[in-house]
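Heads up: the structure comes next, in structure tokens.
There are 2 protein chains.
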Amino acid sequence: MEAILSRRSIRRYTEGIVSDDQLEQLLRAAMSAPSAGNEQPWRFIVIRDRATMKKIQDFHPFARMLDEASALVLVSGDLNLEKHKGFWVQDCSAATENMLIAAQSIGLGAVWLGLYPIKERVEGMRRLLGIPEHIIPLSLVAIGHPAEKKPPSDRYDQSRVHRERWQNAK
Amino acid sequence: MEAILSRRSIRRYTEGIVSDDQLEQLLRAAMSAPSAGNEQPWRFIVIRDRATMKKIQDFHPFARMLDEASALVLVSGDLNLEKHKGFWVQDCSAATENMLIAAQSIGLGAVWLGLYPIKERVEGMRRLLGIPEHIIPLSLVAIGHPAEKKPPSDRYDQSRVHRERWQNAK
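Heads up: the protein sequence lines correspond to chains A and B, in order. Per this note's numbering, the very first residue in the first sequence carries number 474; after that it's consecutive. Per this note's numbering, the very first residue in the second sequence carries number 474; after that it's consecutive.
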């Protein structure tokens, strides 16, 4: 709970390396996410290559933090693994969120970069990493040792909570 | 991290009541999720009415656990709040996942019921709760005090992890 409430998007990183063991912990968290009919339609590509991180900035306007990130994980949906058509985005989003919380809980900093459904970004990732048609890039998670501290952001908004029916705001 | 790895879908509940304070903790976790451009496009409807929980079972084939659930939260996307078109599903999925992990971490049991993009379920919720067109029901989270224990399910699968490019499985 603490990790959920204190998590913030971290975009500045020190030069410290995120270890393979730490990455495995994040991937283990990702794959612990629920999915429709337990279909687990996810595929992950772990990227450490600096040239790849630079090239992503050619087609992603909000990826400057990749100059400092120690590692990057691409989360994609595999349409061949879907049992319940149309749910892969939700499944892979839950997996992405788990990675962010896990990163927070082990002292790393991370941020979610949106790809899908923006065609230019999806196709850019596809071309760059040789990703076939049945795999759809959904999100990127940039990871590093945090070089910025942000206080918890209390986003709780009671006006978003309704009771029993739509019209009854709390 | 512990809550992420030990979370399972819990569909059997005791007669214990989930308190308003506990529900607020779950909603606070939900609203701590990241969203595209921090748009926070979510809307929540908290349901305790047993008649509503029964009626949902008329159009949702996997909702039997609602006979035992103490509370139910509908997570919806508000298209009027979207800044980055097409990202509301991911934002609201992250919020849903946060609720599940938060429930686990405070000793409650919960399960994610899929609605969107299955038209019959989305329209069923819309009719039942009087939800307008610009609000799209995404998911339901059934919540209760757990009457079943499940061991952590280790879903880690190394074959889903690729390195640097698509073809390089780990």
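Virtual Cβ for every residue (Gly too), placed ideally from N, Cα, C.
For the pair of segments examined, the region 493 to 507 of chain A was found not to touch the region 529 to 536 of chain A: the number of CB pairs separated by less than 8 angstroms stays below three. Here A/R537 carries a helix assignment [DSSP, helix/strand/coil]. The DSSP-derived three-state label of A/G597 is helix. For A/V548, the closest C-alpha among the options A/C565, A/V584 and A/S578 is that of A/C565. Separation of B/I574 and A/M474 (C-alpha to C-alpha, rounded to the nearest whole angstrom) is 7 angstroms.
Between the region 507 to 515 of chain A and the region 603 to 612 of chain B there are fewer than three C-beta pairs closer than 8 angstroms, too few to call the two in contact. Beta bridge pairing from DSSP links B/F560 with no other residue.
Within chain A, the C-beta atoms nearer than 9 angstroms to that of B/V519 come from V634, H635, R636, E637 and K643, in chain order. Judged by DSSP in its simplified three-state form, A/S508 adopts coil rather than helix or strand.
About 6 angstroms separates the beta carbon of A/A567 from that of A/P507, a gap short enough to meet the 8 angstroms contact definition. Here A/R480 really is in contact with A/Q577; their C-beta atoms are around 4 angstroms apart, less than 8 angstroms. At a cut-off of 7 angstroms, the C-beta of A/Q577 has no neighbouring C-beta in chain B. Within chain A, the residues I477, E570 and I574 have their CB atoms less than 8 angstroms from the CB of B/N571, given in chain order. Think of a sphere of 8 angstroms around the beta carbon of B/H618: no beta carbon from chain A falls inside it, the nearest being about 17 angstroms out. Spanning the alpha carbons of B/H557 and A/M598 requires a straight line of approximately 19 angstroms.
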